[in-house]
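Taking it in order: structure first as structure tokens, then the write-up.
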Amino acid sequence: MYPVFSFIYVWISNSILNSHFFPDPVLFTLGYILFTLGSDLPDVDARSAPIRKFIFSLMTVFMASLLYASLLMYMKNEDIFSLEMRILIFGSVTIFSFIFYSFIQKLLLKIHRGIMHSSIFAIIYACTIYLVCFFIPFGKISEMIMKSFGLKFKAEGMNPTIYLALSGYFGVMTHLISDYIHGIFNKITK
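Using this note's numbering, read the sequence shown as starting at 16 and increasing by one per residue.
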């Protein structure tokens, strides 16, 4: 579905809006990642969803690393700790993070197909992408990556943050439409 979205977006921006927009490979790849993540995110509240396990693992490691770094920063004589002691502290922090995040996850994600399965979530996801991308100079980053491969290609026309935000939005909406069609198909076949 992402190639269809990109084709329609480029066609509308070039034919109707006359903005001469064409995403460079870096922007196209980022859009694909955000679209795919958006199409998987609504199932984060399903107990057996792979995206839930992935995010759970990622958040546990992130929280453990953050807590460990914070502990080391606030300890006055951190060089008195041996490597074994640091490993013990990191292991303890990881176990604490695992238990804490498990509790938070069970507390917040009780109902499958709750708020995550709504167009409101799609809008929130798109707005979050837009706000994050607004502060990141994608044009310069993209140009730098392209130069490292010896290419001279740059996105022109419309703001790339709009493209990325809409990529995420339509990823979520693709999931919602797919679930809706699947539900109708199940009702017909019963």
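Idealized CB from N, CA, C, for every residue including glycine.
query                                                                                                                                                               : result
Does DSSP put residue 113 in a helix, a strand or coil?                                                                                                             : helix
Please tell me whether residue 189 and residue 54 are closer than 7 angstroms, where the distance is taken between their beta carbons.                              : yes
Would you mind giving the Cβ-Cβ distance between residue 56 and residue 187, rounded to the nearest angstrom? I have them listed as a contact below 8 angstroms.    : 6 angstroms
For a quick check, are the C-beta atoms of residue 22 and residue 182 less than 7 angstroms apart?                                                                  : no
Do you know how far the Cα of residue 137 is from the Cα of residue 144?                                                                                            : 11 angstroms
Here's the rule: buried if 16 or more other CB atoms are within 10 angstroms of the residue's CB, otherwise exposed. What is residue 195?                           : exposed
In angstroms, rounded to a whole number, what distance separates the CA positions of residue 28 and residue 48?                                                     : 21 angstroms
Quick check: the Cα distance between residue 139 and residue 100, rounded to an integer number of angstroms?                                                        : 43 angstroms
Who are the near neighbours of residue 178 in its chain, counting only those whose CB is closer than 7 angstroms to its CB and skipping five residues on each side? : 24, 38, 42 and 46
Only counting the same chain, and skipping five residues up and downstream in sequence, which positions put a Cβ closer than 7 angstroms to that of residue 70?     : 59
Using only the alpha-carbon positions, how far apart do residue 141 and residue 149 sit?                                                                            : 12 angstroms
Relative to the alpha-carbon of residue 80, which residue among 102, 117 and 193 has its alpha-carbon at the smallest distance?                                     : 102
Assign residue 78 to one of three DSSP states: helix, strand, or coil.                                                                                              : helix
Can you tell me where the alpha helix (DSSP H) with residue 137 in it begins and where it stops?                                                                    : 134-149
Is residue 121 helix, strand or coil when you go by DSSP?                                                                                                           : helix
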